Amino acid sequence: MAENEENQESTPASAESTDKPARAGHGKEEPAADPLDALTPSGKELLDVSLEILKEFAPQVGALGDIPQISIDKSHTLQACRLMKDDPRVAVHMLLCLACVDYSEYFQMVYVLQSLEPERTFVLRTDVPYSDATVPSVTSVWRAADWYEREAHDLFGVNFDGHPDLAPLLLYEGFEGYPGRKD
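Note that the sequence shown covers residues -17 to 165 in this note's numbering.
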């Protein structure tokens, strides 16, 4: 996935003089809304508790719809995941998805986590520089991370410190390069 750049279309002069509010990307820009405003009370509660649990890692917050998102330094990934699983206030017992995104200058590991009681989704992100494409493995927290991490290693060349077996999952032994990278 790549960050999308928004197309700026020109607006006829007559449209700018109407009393209708401008739509995003068309004519006058509206101030960006705070993404945290979209969180439901349950989403805000999950974000607040998560921030309390992860405060020692200097997290940055965001939201996509009603899904709270926290970004932390890659060195804290394993410890943060373990805390989020073990703390009964959030109890994210499921790793729904682990994705590697190539942003040309760096990778971003995206961990989509799920608690079952109550059912809530949470996203943890960490940036991984090309120059040091290593992140701690979370297979000791969620066995489901095994194939996700092997896939990211195969396609992007990200190494997972502590992974039990980074043998190729999709590519044949001896394949050169990383077909998922933008370069």
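Yeah, the Cβ is synthetic: ideal placement off N, Cα and C, and Gly gets one too. Values in this document were obtained by computation on a predicted structure and should not be read as measured data.
Here Tyr130 carries a helix assignment [DSSP, helix/strand/coil].
Taking Ala134 as reference, the option from Gly47, Pro161, Leu106 and Cys82 with the minimal CA-CA separation is Cys82. In this structure, the CA atom of Gly47 is about 42 angstroms from the CA atom of Gly156.
Distance from the Cα of Val74 is smallest, within the candidate group Asp165, Pro150, Val123 and Tyr112, for Val123. One Cα belongs to Val92, the other to Leu80, and the distance between them is close to 6 angstroms. As DSSP reads the structure, Pro17 sits in no beta bridge. Residue pairing from DSSP places Ser53 in a beta bridge opposite Gln42 and Arg107. In this structure, Arg132 and Leu148 form a Cβ contact; the two beta carbons are roughly 6 angstroms apart against a cut-off of 8 angstroms. Here Pro50 is near Phe104, since their CB atoms are less than 8 angstroms apart. Annotation: Val94 to Glu87 spans about 22 angstroms, alpha carbon to alpha carbon.
Rounded to whole angstroms, the separation of the alpha carbons of Thr116 and Val72 is 27 angstroms. Secondary-structure assignment with DSSP links Thr121 through no beta bridge to anything. Inclusion of Gln90 and Val110 in the CB contact set at 8 angstroms is warranted, their separation being smaller than that value. Cβ-Cβ distances below 6 angstroms link Ala126 to Leu77 in the same chain, with the five nearest sequence neighbours on each side left out; the list follows chain order. Nearest Cα to Glu158 within the set Pro146, Ser97 and Gly139: Gly139. Around the beta carbon of Leu98, fewer than 16 other beta carbons sit within 10 angstroms, so the residue counts as exposed. Here Asp16 is exposed. Its C-beta has fewer than 16 other C-beta atoms within 10 Å.
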